[in-house]
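This report refers to the structure that appears directly beneath it.
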Amino acid sequence: MAHRELTPATELVKKNRSHFPNESEEYRRARNALLVEEIELRRHLERVAELRRQLPPGGQVTTDYRFEGENGPVTLASLFGDKDTLLVYSYMFGPQRERPCPSCTSFMSTWETKLPDLEQRVAVAMVARSPIEKLRAAKRARGWTRLKVYSDAEGQYTRDYVSAEDADMPGFSVFTRKDGVIRHFWSGEMGGGMADPGQDPRGAPDLDPLWTMLDFTPEGRGTNWYPKLEYGR
394 MAHRELTPAT
404 ELVKKNRSHF
414 PNESEEYRRA
424 RNALLVEEIE
434 LRRHLERVAE
444 LRRQLPPGGQ
454 VTTDYRFEGE
464 NGPVTLASLF
474 GDKDTLLVYS
484 YMFGPQRERP
494 CPSCTSFMST
504 WETKLPDLEQ
514 RVAVAMVARS
524 PIEKLRAAKR
534 ARGWTRLKVY
544 SDAEGQYTRD
554 YVSAEDADMP
564 GFSVFTRKDG
574 VIRHFWSGEM
584 GGGMADPGQD
594 PRGAPDLDPL
604 WTMLDFTPEG
614 RGTNWYPKLE
624 YGR
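Per the numbering used here: the sequence shown = residues 394 to 626.
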(Lines of atoms letter the chains of each structure in order from A and count residues from 1; the text may use other names and numbers.)
(Lines give C-alpha, C1' and ligand atoms only; values in the text may rest on other atoms or scores of the structure.)
Protein backbone atom coordinates (compact mmCIF):
# COMPACT_ATOMS: atom_id res chain seq x y z
CA MET A 1 0.00 0.00 0.00
CA ALA A 2 1.45 3.35 -1.07
CA HIS A 3 1.70 5.98 1.63
CA ARG A 4 1.27 9.67 0.93
CA GLU A 5 3.93 12.07 2.11
CA LEU A 6 2.53 13.70 5.22
CA THR A 7 2.98 17.31 6.18
CA PRO A 8 5.22 17.49 9.28
CA ALA A 9 3.21 17.91 12.45
CA THR A 10 5.20 21.04 13.30
CA GLU A 11 3.89 22.61 10.10
CA LEU A 12 0.29 21.55 10.74
CA VAL A 13 0.40 23.15 14.17
CA LYS A 14 1.08 26.51 12.56
CA LYS A 15 -2.50 26.36 11.30
CA ASN A 16 -3.84 26.18 14.85
CA ARG A 17 -5.83 29.30 15.72
CA SER A 18 -7.10 28.13 19.10
CA HIS A 19 -6.77 30.53 22.02
CA PHE A 20 -8.68 30.60 25.28
CA PRO A 21 -9.47 33.42 27.73
CA ASN A 22 -6.55 34.64 29.83
CA GLU A 23 -4.08 31.99 28.72
CA SER A 24 -0.41 32.94 28.98
CA GLU A 25 2.17 32.83 26.18
CA GLU A 26 3.89 30.08 28.15
CA TYR A 27 0.70 28.01 28.13
CA ARG A 28 0.19 28.52 24.39
CA ARG A 29 3.78 27.48 23.55
CA ALA A 30 3.48 24.36 25.68
CA ARG A 31 0.04 23.55 24.30
CA ASN A 32 1.22 23.82 20.70
CA ALA A 33 4.20 21.61 21.48
CA LEU A 34 1.77 19.09 22.97
CA LEU A 35 -0.41 19.37 19.86
CA VAL A 36 2.57 18.26 17.75
CA GLU A 37 2.81 15.11 19.86
CA GLU A 38 -0.96 14.54 19.68
CA ILE A 39 -0.82 14.67 15.89
CA GLU A 40 2.10 12.20 15.91
CA LEU A 41 0.15 9.92 18.26
CA ARG A 42 -2.84 9.96 15.92
CA ARG A 43 -0.57 9.05 13.03
CA HIS A 44 1.12 6.30 15.01
CA LEU A 45 -2.25 4.78 15.91
CA GLU A 46 -3.09 4.75 12.20
CA ARG A 47 0.21 3.05 11.36
CA VAL A 48 -0.33 0.38 14.00
CA ALA A 49 -3.89 -0.26 12.80
CA GLU A 50 -2.63 -0.59 9.23
CA LEU A 51 0.08 -3.06 10.28
CA ARG A 52 -2.54 -5.07 12.16
CA ARG A 53 -4.73 -5.23 9.07
CA GLN A 54 -1.75 -6.41 7.01
CA LEU A 55 -1.02 -9.42 9.22
CA PRO A 56 -0.68 -12.64 7.22
CA PRO A 57 -3.37 -15.27 7.77
CA GLY A 58 -3.36 -16.52 11.34
CA GLY A 59 -3.62 -20.10 12.45
CA GLN A 60 -6.65 -22.07 11.32
CA VAL A 61 -9.07 -22.96 14.09
CA THR A 62 -9.40 -26.73 13.88
CA THR A 63 -10.76 -27.41 17.38
CA ASP A 64 -14.54 -27.55 17.70
CA TYR A 65 -14.75 -25.19 20.67
CA ARG A 66 -18.02 -25.50 22.56
CA PHE A 67 -19.60 -23.11 25.05
CA GLU A 68 -22.76 -22.98 27.10
CA GLY A 69 -24.87 -19.99 26.15
CA GLU A 70 -27.92 -18.50 27.78
CA ASN A 71 -30.10 -20.57 25.46
CA GLY A 72 -28.04 -23.75 25.39
CA PRO A 73 -24.84 -25.17 23.84
CA VAL A 74 -23.11 -23.28 21.03
CA THR A 75 -19.91 -23.59 19.02
CA LEU A 76 -17.32 -20.96 18.17
CA ALA A 77 -18.42 -21.17 14.54
CA SER A 78 -22.03 -20.40 15.45
CA LEU A 79 -20.97 -17.25 17.31
CA PHE A 80 -20.18 -15.60 13.96
CA GLY A 81 -23.85 -15.55 12.99
CA ASP A 82 -23.97 -13.90 9.56
CA LYS A 83 -20.72 -11.96 10.08
CA ASP A 84 -17.20 -12.69 8.81
CA THR A 85 -15.44 -11.33 11.90
CA LEU A 86 -15.91 -12.32 15.53
CA LEU A 87 -14.66 -10.39 18.59
CA VAL A 88 -14.35 -12.49 21.74
CA TYR A 89 -13.70 -10.82 25.09
CA SER A 90 -12.70 -13.25 27.84
CA TYR A 91 -13.50 -11.66 31.18
CA MET A 92 -12.24 -12.44 34.65
CA PHE A 93 -15.02 -14.48 36.20
CA GLY A 94 -13.48 -17.86 36.93
CA PRO A 95 -15.12 -20.52 39.13
CA GLN A 96 -13.11 -19.29 42.11
CA ARG A 97 -14.83 -15.88 41.96
CA GLU A 98 -18.14 -15.12 43.58
CA ARG A 99 -18.48 -11.96 41.49
CA PRO A 100 -16.92 -10.78 38.22
CA CYS A 101 -13.85 -8.56 37.98
CA PRO A 102 -14.87 -4.90 38.48
CA SER A 103 -12.57 -3.65 35.73
CA CYS A 104 -13.84 -6.20 33.22
CA THR A 105 -17.38 -5.30 34.24
CA SER A 106 -16.71 -1.59 33.69
CA PHE A 107 -15.31 -2.28 30.26
CA MET A 108 -18.18 -4.59 29.30
CA SER A 109 -20.70 -1.94 30.36
CA THR A 110 -19.28 0.26 27.61
CA TRP A 111 -19.74 -2.50 25.06
CA GLU A 112 -23.33 -3.03 26.24
CA THR A 113 -24.31 0.40 24.93
CA LYS A 114 -22.17 0.18 21.79
CA LEU A 115 -23.23 -3.32 20.76
CA PRO A 116 -25.86 -2.22 18.19
CA ASP A 117 -23.19 -0.15 16.44
CA LEU A 118 -20.57 -2.91 16.58
CA GLU A 119 -22.94 -5.57 15.33
CA GLN A 120 -23.46 -3.71 12.08
CA ARG A 121 -19.96 -4.89 11.18
CA VAL A 122 -18.90 -7.75 13.48
CA ALA A 123 -20.17 -10.41 15.88
CA VAL A 124 -19.33 -9.99 19.58
CA ALA A 125 -19.21 -12.57 22.38
CA MET A 126 -18.31 -12.40 26.08
CA VAL A 127 -16.73 -15.58 27.47
CA ALA A 128 -15.85 -16.56 31.05
CA ARG A 129 -15.00 -19.77 32.89
CA SER A 130 -17.78 -19.73 35.49
CA PRO A 131 -21.01 -21.71 34.94
CA ILE A 132 -23.60 -20.05 32.75
CA GLU A 133 -25.96 -19.63 35.72
CA LYS A 134 -23.46 -17.33 37.44
CA LEU A 135 -22.80 -15.41 34.24
CA ARG A 136 -26.50 -14.95 33.64
CA ALA A 137 -27.11 -13.79 37.22
CA ALA A 138 -24.27 -11.26 37.03
CA LYS A 139 -25.61 -9.98 33.72
CA ARG A 140 -29.06 -9.45 35.25
CA ALA A 141 -27.50 -7.66 38.22
CA ARG A 142 -25.87 -5.17 35.86
CA GLY A 143 -29.05 -4.64 33.87
CA TRP A 144 -27.40 -5.79 30.65
CA THR A 145 -29.77 -6.89 27.92
CA ARG A 146 -27.59 -6.81 24.81
CA LEU A 147 -24.31 -8.51 25.70
CA LYS A 148 -24.20 -12.22 24.91
CA VAL A 149 -22.39 -14.23 27.60
CA TYR A 150 -21.02 -17.74 27.22
CA SER A 151 -19.48 -20.18 29.66
CA ASP A 152 -16.26 -21.92 28.70
CA ALA A 153 -16.89 -24.54 31.37
CA GLU A 154 -14.39 -27.04 29.98
CA GLY A 155 -11.78 -24.33 29.51
CA GLN A 156 -10.28 -25.52 26.23
CA TYR A 157 -10.83 -22.20 24.45
CA THR A 158 -9.44 -20.27 27.43
CA ARG A 159 -6.31 -22.42 27.60
CA ASP A 160 -5.67 -22.05 23.86
CA TYR A 161 -6.37 -18.34 23.41
CA VAL A 162 -6.19 -16.66 26.83
CA SER A 163 -3.96 -18.51 29.29
CA ALA A 164 -2.29 -21.88 28.82
CA GLU A 165 -2.27 -22.16 32.63
CA ASP A 166 -6.01 -21.40 32.76
CA ALA A 167 -5.26 -18.35 34.90
CA ASP A 168 -8.07 -15.96 35.81
CA MET A 169 -7.08 -13.21 33.40
CA PRO A 170 -8.72 -11.19 30.63
CA GLY A 171 -8.20 -11.76 26.95
CA PHE A 172 -9.37 -10.21 23.71
CA SER A 173 -9.22 -12.13 20.43
CA VAL A 174 -10.41 -11.59 16.89
CA PHE A 175 -11.34 -14.39 14.50
CA THR A 176 -12.23 -14.35 10.82
CA ARG A 177 -14.23 -16.71 8.64
CA LYS A 178 -13.74 -16.99 4.90
CA ASP A 179 -15.06 -19.73 2.65
CA GLY A 180 -16.05 -21.68 5.73
CA VAL A 181 -12.53 -21.58 7.21
CA ILE A 182 -12.12 -19.93 10.61
CA ARG A 183 -8.75 -18.38 11.45
CA HIS A 184 -7.32 -16.54 14.39
CA PHE A 185 -6.58 -12.96 13.33
CA TRP A 186 -5.26 -11.16 16.41
CA SER A 187 -5.10 -11.35 20.19
CA GLY A 188 -3.81 -8.92 22.79
CA GLU A 189 -0.31 -10.05 23.79
CA MET A 190 0.92 -7.34 26.17
CA GLY A 191 1.41 -9.22 29.42
CA GLY A 192 2.28 -7.84 32.83
CA GLY A 193 5.99 -8.37 32.16
CA MET A 194 5.82 -5.82 29.34
CA ALA A 195 4.59 -2.94 31.52
CA ASP A 196 6.86 0.05 31.92
CA PRO A 197 8.06 0.99 35.44
CA GLY A 198 5.25 2.29 37.64
CA GLN A 199 2.62 1.48 35.03
CA ASP A 200 -0.44 -0.70 35.34
CA PRO A 201 -0.10 -3.57 32.87
CA ARG A 202 -2.28 -2.82 29.88
CA GLY A 203 -2.44 -3.10 26.13
CA ALA A 204 -2.54 -0.33 23.56
CA PRO A 205 -4.64 1.33 22.48
CA ASP A 206 -6.92 1.20 25.50
CA LEU A 207 -10.22 -0.50 24.77
CA ASP A 208 -12.03 1.18 27.65
CA PRO A 209 -12.73 4.93 27.23
CA LEU A 210 -12.69 5.27 31.02
CA TRP A 211 -8.90 5.38 31.02
CA THR A 212 -8.65 7.54 27.92
CA MET A 213 -10.98 10.12 29.47
CA LEU A 214 -8.91 10.20 32.66
CA ASP A 215 -5.76 10.72 30.59
CA PHE A 216 -7.18 14.14 29.69
CA THR A 217 -7.20 15.24 33.34
CA PRO A 218 -4.40 16.87 35.37
CA GLU A 219 -4.42 13.96 37.85
CA GLY A 220 -4.36 11.27 35.16
CA ARG A 221 -5.46 7.70 35.87
CA GLY A 222 -4.19 7.58 39.42
CA THR A 223 -2.60 4.55 41.05
CA ASN A 224 -4.78 3.81 44.07
CA TRP A 225 -8.23 3.11 42.68
CA TYR A 226 -10.11 0.81 40.32
CA PRO A 227 -13.67 0.68 39.05
CA LYS A 228 -16.20 -0.81 41.48
CA LEU A 229 -19.18 -3.06 41.01
CA GLU A 230 -21.29 -0.71 43.13
CA TYR A 231 -21.06 2.89 44.28
CA GLY A 232 -22.72 4.46 47.29
CA ARG A 233 -25.62 6.76 46.47
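Positions of the beta carbon are idealized from the N, C-alpha and C atoms, including for glycine.
Any idea which residues DSSP pairs PRO460 with across the strands? The residue you call residue 460 lines up with position 67 of the sequence shown. A small fix is needed here, since residue 460 is Phe in this sequence, not Pro. In DSSP, PHE460 forms a bridge with VAL467.
Note down the Cα distance separating LEU603 from PRO620, rounded to an integer number of angstroms. Residue numbering aside, residue 603 sits at position 210 when the sequence shown is read from its first letter. Residue numbering aside, residue 620 sits at position 227 when the sequence shown is read from its first letter. Distance between the alpha carbons of LEU603 and PRO620: 9 angstroms.
On a CA-only basis, which of MET519, GLU431, ASN409, PRO466 is nearest PHE341? Give me that one, please. Nothing about residue 341 can be read from this structure; the chain reaches only from 394 to 626.
In this structure, how does DSSP classify MET394 when only helix, strand and coil are distinguished? The residue given as residue 394 occupies position 1 in the sequence shown. Low confidence applies to MET394: its pLDDT is 46, below 50, so where it sits in the model is not reliable enough to give any reading.
Within the segment 467-539, ranges of the beta strand (DSSP E) (whole runs, at least 3 residues): The segment 467-539 contains, as complete beta strand (DSSP E) runs of 3+ residues, the segments 478-483, 516-521 (chain order).
Quick one: residues in its chain with C-beta nearer than 8 angstroms to the C-beta of SER499, no 5 flanking neighbours on either side, listed in chain order? To locate residue 499, count along the sequence shown from 1; it is residue 106. The residues are ASP601, LEU603, PRO620.
Across the segment 448-461 and the segment 566-581, are there enough close Cβ pairs to call them in contact, namely three or more that are closer than 8 angstroms? yes
If you draw a straight line from the C-alpha of PRO466 to the C-alpha of VAL441, how long is it? Translated into the one-based positions of the sequence shown, residue 466 becomes position 73. Translated into the one-based positions of the sequence shown, residue 441 becomes position 48. Going from the Cα of PRO466 to the Cα of VAL441 covers about 37 angstroms.
Among all the DSSP beta bridges, which residues are the ones paired with TRP579? As a first step, residue 579 is located in the sequence shown; it is residue number 186 there, counting from the start. In the DSSP output, where bridge partners are listed per residue, TRP579 has VAL567.
Mind checking which residues open and close the alpha helix (DSSP H) that includes TYR420? Numbered from 1 along the sequence shown, position 27 holds the residue referred to as residue 420. From DSSP, the alpha helix (DSSP H) with TYR420 extends over 418-446.
GLU505 vs ARG459 beta-carbon contact at 8 angstroms: Position 112 of the sequence shown, counted from the start, is the residue given in the question as residue 505. Position 66 of the sequence shown, counted from the start, is the residue given in the question as residue 459. Not in contact: GLU505 and ARG459 (Cβ atoms no closer than 8 angstroms).
For VAL454, three-class secondary structure by DSSP: As a working note, residue 454 is residue 61 in the sequence shown. Three-state result, VAL454: coil.
Within 8 angstroms, do at least three Cβ pairs link the segment 474-486 to the segment 443-451? no
Is it right to say THR400 is buried, meaning 16 or more other beta carbons lie within 10 angstroms of its own, or is it exposed? As a working mapping, residue 400 is identified with position 7 in the sequence shown. The residue is exposed, with fewer than 16 neighbouring Cβ atoms inside 10 Å.
Tell me, which residues are paired with SER544 by DSSP? Translated into the one-based positions of the sequence shown, residue 544 becomes position 151. BP columns for SER544 point to GLU461, ALA521.
First through last residue of the alpha helix (DSSP H) which encompasses TRP604: Walking along the sequence shown from the start, residue 604 turns up at place 211. Bounds of the alpha helix (DSSP H) holding TRP604 are 602-607.
Could you give the residue range of the alpha helix (DSSP H) that holds GLU404? Start at 1 with the first residue of the sequence shown, and residue 404 comes out as number 11. Bounds of the alpha helix (DSSP H) holding GLU404 are 402-405.
So THR551 is in the alpha helix (DSSP H); what residue range does that whole segment cover? Here residue 551 corresponds to residue number 158 of the sequence shown, with the count starting at 1. Here the alpha helix (DSSP H) through THR551 covers 549-554.
Quick one, which of LEU405, VAL567, GLU582, ALA423 has its alpha-carbon nearest SER556's? In the sequence shown, counting from the first residue as 1, residue 556 sits at position 163. Distances from the CA of SER556 to each of LEU405, VAL567, GLU582, ALA423 were compared; the closest alpha carbon is that of GLU582.
Does the beta-carbon of THR569, which I'm using as the reference point, lie nearer than 7 angstroms to any heavy atom of the ligand GTP? Inclusion of the ligand GTP in the displayed structure is not the case, the ligand content being empty and no account of it being possible.
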